[in-house]
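Heads up, the thing below is written out as structure tokens.
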Amino acid sequence: MSPGNTLLSLIRVHPYQTIVYAVNGAILLEPRIFTVPTFWALGFEQRGPRKGSLAASTMSYFGYVPAGGVYALAQSAAMGGYGAGLAAGAAQAGAVVSSGLTWFMGRNNTGA
1 MSPGNTLLSL IRVHPYQTIV YAVNGAILLE PRIFTVPTFW ALGFEQRGPR
51 KGSLAASTMS YFGYVPAGGV YALAQSAAMG GYGAGLAAGA AQAGAVVSSG
101 LTWFMGRNNT GA
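The numbers in the numbering used here rise by one with no breaks, and the one at position 33 of the sequence shown is 33.
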């Protein structure tokens, strides 16, 4: 059996694992495909917190945002500042852990 046929066979037998590995591979190569939509969903944008969002509500509730705090770090990451590298690394670490768990949970599943 050729390597191409072997790969297609594995994809056919393990479609969900294939999807997880493909998505995680994309996140490893370009973590912004995960971090940008995640920060946007929380209300963090490049211009600042989006009006009416969870980020804006949190800022309004607490009032004071200390420099270097979690909120400031998240906003910095969304704006491409000092938090962006940490967010990218966290996304990549999550992709590695997710792939490892997917492999571990499916390693005895031969598809037969």
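Glycine is no exception: its CB is placed at the ideal position from the N, C-alpha and C atoms.
All values reported here derive from a predicted model rather than from experimental measurement.
Checklist entry - Whole alpha helix (DSSP H) runs in the region 22–46 with 4 or more residues, listed along the chain? => result 32–42
Item to check | Nonlocal neighbours in the same chain, by C-beta distance under 7 Å from Y82, ignoring five residues either side | outcome: S76
Item to check | Cβ-Cβ distance between I27 and A95 below 9 Å | outcome: yes
Checklist entry - Expressed to the nearest angstrom, what Euclidean distance is found between the alpha-carbon atoms of G85 and T6? => result 37 Å
Next on the checklist: Buried or exposed for P3, going by 16 or more other Cβ atoms inside 10 Å?
Outcome noted: exposed
Next on the checklist: Taking contact to mean 3 or more Cβ pairs, one atom from each stretch, closer than 8 Å, check whether the region 12–23 and the region 98–107 are in contact.
Outcome noted: yes
Item to check | Residue from W103, M105, G106, A90 whose Cα sits closest to the Cα of T35 | outcome: A90
Next on the checklist: I'd like the ranges of any alpha helix (DSSP H) spanning at least 4 consecutive residues and lying wholly in the region 39–98.
Outcome noted: 54–62, 70–78
Next on the checklist: Beta-carbon within less than 8 Å of I33's beta-carbon, same chain only, minus the 5 sequence neighbours each way: which residues are those?
Outcome noted: A26, I27
Next on the checklist: With the cut-off set at 9 Å, would you say G69 and A56 are in Cβ contact?
Outcome noted: no
Checklist entry - With 16 other CB atoms within 10 Å as the buried threshold, where does W62 fall? => result Correcting the residue identity first, residue 62 is Phe in this sequence and not Trp. By the neighbour-count rule (16 or more Cβ atoms within 10 Å), F62 is not buried but exposed.
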